[in-house]
Amino acid sequence: MIHSIAHPTDLSPEGAPAFEHALRLALVNSCELALLHVARSGATSDWDSFPRVRRLLERWGYLRPGAPMEDVLPRTGVAVTKVSIASDDVVDGLARYLGEHRPDLIVAASHGGAGLGRLLNGSVSARIAGTSLIPTMIFGPAARPFVDSKTGSLDSIETVLVAVDHDPPPGRAVRRLVALASGLDVRLDFIHVGTKVPVLRDAEGVQRPIRLLSGPVIETLLEEARRVSLLAMPMAGRDGLIDALRGSTSERVLSEATCPVLALPVG
């Protein structure tokens, strides 16, 4: 079950699919949704430039045309907050907010000046380590959506591909995935690229089936990802999830995957 979702945005059109998925998942879970934008200290907040929640809810049929902001929570169960973070450094501003509020899930695009791409490609401050235990759904430039932009339908999401390895041990991350996916009607397809299948058990102690695949790791993951709606990857790094995402394997998967990638911290 998801209680809160954060969507960092640079207010660019490229972030629209990530916003739509953040809102749709908030609807599924009747939870809080925080739209985050980092602006320079002293700058005036342009609230009209934030993603248009009511406009999208009207398009999907959750609100009548012209409904006031006060209708959003009682009619949808979603408590929306728009947050302008005053900081001259995007990474530092997001790290401060996420470290203090600890959402259950971050949904972000991996491109754009103030998107997650800034975190992955730039110098990462030590304070990001405070946010490194938050599952993060990342929309790379090639990722196709599983939420219908016109209707809000989730019918296209059927299978979540879960790439597991011996190290880091995936057990705790998979349990978090099961909790995050509790509101979705999806099948979890566990795979391992290598020669020996890891041992992975469910909550009752029953060993989960894992498909063993051979071949180059990145190419095999990318090929398998073409057939699914979401790729989930348990990750760990020396200083947390962000460092793991900056590794060569993860960065290439994020940039080339044709579906969103859910980075699951093992800690």
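Take 0 as the starting number for the sequence shown in numbering that gives the first Met the number 0 and just add one per residue.
From the three backbone atoms N, C-alpha and C, an ideal C-beta is built for every residue, glycine too.
Rounded straight-line distance, which links the Cα of Arg54 to that of Ser213
46 Å
Within a Cβ cutoff of 8 Å, which residues of the same chain sit near Arg285, ignoring the five residues on either side of it in sequence?
Any answer about residue 285 is impossible in this case: the structure gives the chain only from 0 up to 266.
Are the CB atoms of Asn28 and Gly182 nearer to each other than 7 Å?
yes
For a test of the three-state rule: what should DSSP assign to Ala17, helix, strand or coil?
helix
Consult DSSP for Thr150 and reduce its assignment to one of helix, strand or coil.
coil
At least three beta-carbon pairs within less than 8 Å, the segment 53-68 to the segment 101-108:
no
Taking the alpha-carbon of Glu255 as reference, which of Leu22, Leu220, Arg39 has the nearest alpha-carbon?
Leu220
Return yes when the Cβ of Val265 is within less than 7 Å of the Cβ of Pro197, no when it is not.
no
Check each candidate in Gly170, Ala21, Pro67, Thr257 and name the one with the smallest Cα separation from Ala141.
Thr257
Could you check the C-alpha separation between Arg174 and Thr43 for me, to the nearest Å?
42 Å
Who are the near neighbours of Ile1 in its chain, counting only those whose CB is closer than 7 Å to its CB and skipping five residues on each side?
Leu24, Asn28, Cys30, Asp103, Leu104, Leu179
Going residue by residue through the segment 171-220, where are the continuous alpha helix (DSSP H) segments of at least 4 residues, counting only ones entirely within it?
none
According to DSSP, which residues form a beta bridge with Thr158?
Arg186
Rounded to whole angstroms, what is the Cα-Cα separation between Trp59 and Leu22?
11 Å
Helix, strand or coil at His6 [DSSP, three-state]
strand
Which residues does DSSP pair with Ile137 in a beta bridge?
Ala107, Val260
Return the residue from the list Arg63, Ile133, Pro73 that minimises the CA-CA distance to Leu93.
Ile133
Helix, strand or coil: how does DSSP classify Val267 here?
It is not possible to answer for residue 267, since the shown part of the chain is limited to 0 through 266.
Beta carbon of Val82, beta carbon of Val71: below 7 Å?
no
Need the endpoints of the alpha helix (DSSP H) that Val52 sits in, please.
52-59
Segment limits, alpha helix (DSSP H) that includes His36:
Run containing His36: none in the alpha helix (DSSP H); it sits in the beta strand (DSSP E), 31-38.
Taking DSSP as the reference, what is the three-state secondary structure of Pro73?
helix
Going by C-alpha to C-alpha distance, which of Pro50, Val227, Met232 sits closest to His270?
Residue 270 lies beyond the residue range present for the chain, which begins at 0 and ends at 266; the question has no answer from this structure.
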